[in-house]
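What the sequence shown shows, in numbering that gives the first Met the number 0, is residues 0 to 614, in sequence order. Even for Gly, the Cβ is constructed at its ideal location relative to N, Cα and C.
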Amino acid sequence: MWYFVSMPGSMFYCLQRALLTLFLPLLLVLGFPEAPASYPWPQEGSQLEHYLLVAQEAEKAKDYARSAEAYLNILKIRPDWALIHQSLGVVYHLQSRYPEAIAVFEKALSLDPRLWGSRLFLGMDYYRTNQFSKAVPELKKAIELNPPLAEAEARHWLGSSYLAMDRFEEAIEQWRRLIELRPGDLEVLYNLAQAYNRFSSSLFEAMGKIDLHSAEAHRLQAEWFESQDRPGIAVEEYTKAAELRPDWEGIHNAIGSIYARQGEIEKAVEAFENELKIVPNDEVVQKQLVALKEKLNESHPVKKSEPGTTTLSQESTPAFFSGAGSSRKTEMPLSSLGIEEFRARKFKEAIEVLQRALDSNPNDRKASLYLARSYFASEQYDQAVQTLHRLNKAAGQDLEVLYWLGKSYQELAASTLQKMIDINPSSYRVHQISGKLFEEKTQFLKALESYQTALKLSPDLAGIRSDIGNVYRKMENLDEALIWLKEELKINPYHALTNYRVGDIYMTKASPELAVPYLEQAVQANPGLLEAQRELGKALMDQRQYEKALVRLRIVAQAEPQDEGIHYLLAGAYRKLGNLEEAKVELKRFNELNQERLERDRQRVSRKILRDQSQ
0 MWYFVSMPGS
10 MFYCLQRALL
20 TLFLPLLLVL
30 GFPEAPASYP
40 WPQEGSQLEH
50 YLLVAQEAEK
60 AKDYARSAEA
70 YLNILKIRPD
80 WALIHQSLGV
90 VYHLQSRYPE
100 AIAVFEKALS
110 LDPRLWGSRL
120 FLGMDYYRTN
130 QFSKAVPELK
140 KAIELNPPLA
150 EAEARHWLGS
160 SYLAMDRFEE
170 AIEQWRRLIE
180 LRPGDLEVLY
190 NLAQAYNRFS
200 SSLFEAMGKI
210 DLHSAEAHRL
220 QAEWFESQDR
230 PGIAVEEYTK
240 AAELRPDWEG
250 IHNAIGSIYA
260 RQGEIEKAVE
270 AFENELKIVP
280 NDEVVQKQLV
290 ALKEKLNESH
300 PVKKSEPGTT
310 TLSQESTPAF
320 FSGAGSSRKT
330 EMPLSSLGIE
340 EFRARKFKEA
350 IEVLQRALDS
360 NPNDRKASLY
370 LARSYFASEQ
380 YDQAVQTLHR
390 LNKAAGQDLE
400 VLYWLGKSYQ
410 ELAASTLQKM
420 IDINPSSYRV
430 HQISGKLFEE
440 KTQFLKALES
450 YQTALKLSPD
460 LAGIRSDIGN
470 VYRKMENLDE
480 ALIWLKEELK
490 INPYHALTNY
500 RVGDIYMTKA
510 SPELAVPYLE
520 QAVQANPGLL
530 EAQRELGKAL
540 MDQRQYEKAL
550 VRLRIVAQAE
560 PQDEGIHYLL
570 AGAYRKLGNL
580 EEAKVELKRF
590 NELNQERLER
600 DRQRVSRKIL
610 RDQSQ
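Structure representation (structure tokens):
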């Protein structure tokens, strides 16, 4: 899961320098496209000209403090000069003095609302100070005022702002437009891949919040354990999914593939036979089953002289391999025919038939779902996403729709990353992404190596030090983690996740008094970071600040009412405050949720026992 919104690197610094050049006194000579005619160049030898020249020379030397001082002197003489306010804002921006820059840009716009550069930089600095919702209208206005010069950079910051607010579809829309403006740009591709991946993760998290014990959640967990090379747990999770959804294609196939890789042929055969009960015309599974049965025959040969005997490859094959007749197909509803084509892996035909079915009945949920799955299976992920979004809006919180939507965005992220590798395999962004992939697979030493390479190639890369620190945190090397995380905060003191990570480490070290300032900064920057809210609540409890703790814990409970743990913490906070009635209510809710979870587990075990007895 990727948490960092990309910060501008050298390409964005170039833009800032280019705009800065426009904002310097030369701008006033040649005329800025939006500058009113009432801003003439000062008379030769005047004090204003002197300060403008000082500012210009300071800019050439990158002495932004001296440049700012010169602009301030000009504004003492001409406080209504909007372009000078704008130029002062830019040099504040280049010194990372974002709150001061914001105030100056706002003043410039109050004098001249047409200054697109002020709109652009104001949006950027709102973003830098975590005021994402304020950034959006300023960036949109910059594009409206000057599309040729503003659009590319404004769309980058719009995408970043939307992503920071978890408005994933809007973020993706910005970067997809930006890739049209900058084809093959690695920075844009990186951000697009990141948005796809973040959206995928959020969809999977939403599934867990709706029902952590659903078939879809178990299948997702199974896939994760399989990717981590933990086949035993993967089979357990796939089995739980199959018990809840006996007719869901692909689950028994996945179990069979795991057993086949482990050499457990008889178990693999059983799994593939179960899959063919659902998809009898799937030639891929048929071939796998025949090959495995031949292996069993080699291990357990049958004597040909014995009358009435058959080989394992012949046994039960007709029952599975007999396809549906053409006459039966002509009598089937279009949606059922499309599903049958899908189950036979005839995805092109399935798409055609299912589209016809939806032309007749646009509200056919099953046809829409299998159309999306057909697109997914044929690697047409954009079309799958479009179909699933339409279905999700119509069906609401449908777990299978969320599952396939998350999987589709996951594949879009992977294909975008492959484009990056094809363009420049040695790019720091490629190393950064490789680090994230290694980290997700818990290959921490490889992750550190990739992150360190990215840092070496791009020393100013925002977020990379936090990534390194987080890997050390996962490796439980907390002291080393703190060094890297605090280095990141020197560059980006407002970053919510980095502050949370530092606070979390101090909580692990049983130092809540050190954790509180970082956790407070984390929730101030991003109130939606619920883990930071939870940890801050616990830290405040440890410091006996129960009223303050209650505020934080309630935020988590409101967002995640099915989280049994948060109700237990609330009960403790109310008890400390002497509010025994509320403590009793929360403790009762905790016990109810805990009981519901235990009941789901009991039902799953009962279904397994009944299934085993029926075989």
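Residues of the same chain with a CB within less than 8 Å of the CB of E534, apart from the 5 flanking positions on each side, are Y499, G502, D503, M506, A514, L518 in chain order. Inter-segment contact for the stretch 396-406 and the stretch 191-208 is present: three or more beta-carbon pairs are separated by less than 8 Å. Taking a 10 Å sphere around the C-beta of E186, we find 16 or more other C-beta atoms and assign the residue as buried.
CA-CA distance, E559 to N593, rounds to 15 Å.
For the 8 Å CB-CB criterion, G158 and A194 form a contact. Within the stretch 481-561, there are no complete beta strand (DSSP E) runs of at least 3 residues. For L460, there is no enclosing alpha helix (DSSP H), since its DSSP letter is neither H nor E. The DSSP-derived three-state label of R175 is helix. Proximity of the stretch 386-395 to the stretch 421-431 falls short of the contact definition, fewer than three beta-carbon pairs being nearer than 8 Å. With respect to the 8 Å criterion, A100 and H92 are classified as neighbours on the basis of their beta carbons.
Taking the Cα positions, M123 is about 32 Å away from Q557. Within the same chain, A107, L110, D111, L114 come within 7 Å of A81 by CB-CB distance, once the 5 residues on both sides are set aside. Around the beta carbon of T497, a 10 Å sphere encloses 16 or more other beta carbons of the protein chains shown; the residue is thus reported as buried. In the pairwise beta carbon analysis, the stretch 174-189 is classified as not touching the stretch 205-225: fewer than three pairs are separated by under 8 Å.
Nearest C-alpha to Q382 among E410, V278, E265, K365: E410. DSSP, reduced to helix, strand and coil, places D184 outside both helices and strands of the structure shown, so it counts as coil. Counting only residues of its own chain and dropping the five nearest sequence neighbours on each side, V284 has a CB closer than 7 Å to the CB of N252, F271, E274, L275, V278. Within the model, the alpha-carbon separation for R344 versus M331 is close to 18 Å. A residue is called buried when at least 16 other Cβ atoms come within 10 angstroms of its Cβ; D281 meets this threshold and is buried.
Annotation for Y374: Q382, A383 place their beta carbon closer than 6 Å to its own, counting only its chain and skipping 5 residues before and after.
In its chain, beyond the 5 residues on either side, F341, A383, W403 have a beta carbon closer than 8 Å to the beta carbon of R372.
In this structure, DSSP gives A60 a state outside helix and strand, which the three-state scheme calls coil. Of the residues assessed, D466 falls on the buried side of the cut-off, its CB having 16 or more other CB atoms within 10 angstroms. Residue environment analysis places R601 among the exposed positions, since fewer than 16 neighbouring C-beta atoms fall within 10 angstroms of its C-beta. The beta carbon of S160 sits closer than 6 Å to the beta carbons of Y126, F131, A134, V135 from its chain, once the five residues preceding and following it are set aside; these are given in chain order.
Annotated as distal: L180 and A214, with beta-carbon spacing of 8 Å or more.
Its chain contains A582 as the residues whose beta carbon lies nearer than 6 Å to that of R574, once the 5 sequence neighbours on both sides are disregarded; these appear in chain order. With fewer than 16 other Cβ atoms from the protein chains shown falling within 10 Å of its own Cβ, N360 counts as exposed. A distance below 6 Å between beta-carbons, with the five flanking residues on each side excluded, links I142 to the following residues of its chain, in chain order: A149, E150, A153. By the CB criterion at 8 Å, Q85 and A64 fall outside the cutoff. Taking every protein chain shown into account, the CB of K473 has fewer than 16 other CB atoms within 10 angstroms, so this residue is exposed. Rounded to whole angstroms, the separation of the alpha carbons of V555 and N525 is 13 Å. P279 sits in coil when the DSSP states are folded into three classes, being neither helix nor strand. Cβ-Cβ distances below 7 Å link E248 to I277, V278, R342 in the same chain, with the five nearest sequence neighbours on each side left out; the list follows chain order. Excluding residues up to 5 positions away in sequence, H430, Q431, G434, I463, D466, I467, V470 lie with their Cβ nearer than 8 Å to the Cβ of Y450 in the same chain.
By the neighbour-count criterion, in which 16 or more other beta carbons inside 10 Å mark a residue as buried, L488 falls on the buried side.
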